[in-house]
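Numbering (this note's numbering), first residue to last: 78 to 251.
Glycine included, C-beta positions come from ideal geometry on N, C-alpha and C.
Computed from a predicted model, the values in this text were never measured in an experiment.
The block underneath contains the structure these notes are about, expressed in structure tokens.
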């Protein structure tokens with residue numbers, strides 16, 4: 078399966094497993110083990126995380142308290158009422174506390190749920206473009222760098238006349 082087809086399928090799966098109508102009620106009922114299954118399923122289907130990130134994710138999802146914190150923060154990021162800046166900041170705080178604050182881990186979830194709106198940040202993939210734009214993606218994720226990376230992704234998508242961020246991800250991956 079091509080990376081574009083895989084990302085399309087993973088995005089469809091994310092819309093079933095991580096959309097508000099699915100995630101919200103599971104959190105309300107304390108079904109964090111079920112949320113862990115859904116997160117695993119989406120992460121495996123997407124094949125976007127490196128082995129080290131997948132191992133860290135598995136560790137977090139296997140620990141009851143960490144899984145709960147992760148699930149609540151993920152729900153907040155994807156569906157919260159606060160500004161995206163506040164939600165992203167909280168998400169980064171939880172990821173940092175769980176030793177998972179990598180660019181891919183921080184950014185694939187909005188991309189998978191809303192691929193028309195958000196682009197996943199993979200520093201190696203964006204390096205040439207980021208360097209020429211004066212954007213440093215070598216450090217831990219931050220809100221200002223995330224905003225700048227999304228702006229850059231929008232410019233790249235437009236300049237290449239691509240329909241979606243899935244297409245841009247595929248183009249930059251090849």
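Burial state of residue i, where buried means 16 or more other Cβ atoms lie within 10 Å
i: residue 232; result: exposed
i: residue 184; result: buried
i: residue 164; result: buried
i: residue 237; result: exposed
i: residue 116; result: buried
i: residue 217; result: exposed
i: residue 193; result: exposed
i: residue 97; result: exposed
i: residue 86; result: exposed
i: residue 113; result: buried
i: residue 220; result: exposed
Same chain, Cβ closer than 7 Å to residue i, five either side skipped, listed in chain order
i: residue 197; result: 125, 181, 184, 185, 188, 246
i: residue 206; result: 229, 233
i: residue 137; result: 143, 144, 147, 175, 177
i: residue 239; result: 245, 248
i: residue 172; result: 178, 182, 183
CB contact flag (residue i, residue j, <8 Å)
i: residue 212; j: residue 190; result: no
i: residue 89; j: residue 109; result: no
i: residue 177; j: residue 133; result: yes
i: residue 130; j: residue 179; result: yes
i: residue 118; j: residue 94; result: yes
i: residue 202; j: residue 251; result: no
Cβ shell of residue i (< 6 Å), same chain only, five flanking positions each side left out
i: residue 225; result: 212
Own chain partners of residue i with C-beta closer than 8 Å, once the 5 adjacent residues on each side are dropped
i: residue 227; result: 195, 196
i: residue 223; result: 165, 183, 184, 198
Taking contact to mean at least 3 C-beta pairs separated by less than 8 Å, is the segment 88 to 106 in contact with the segment 148 to 165?
The segment 88 to 106 is in contact with the segment 148 to 165.
Would the segment 121 to 135 count as touching the segment 156 to 163 if we require 3 or more Cβ pairs under 8 Å?
No: fewer than three Cβ pairs fall under 8 Å.
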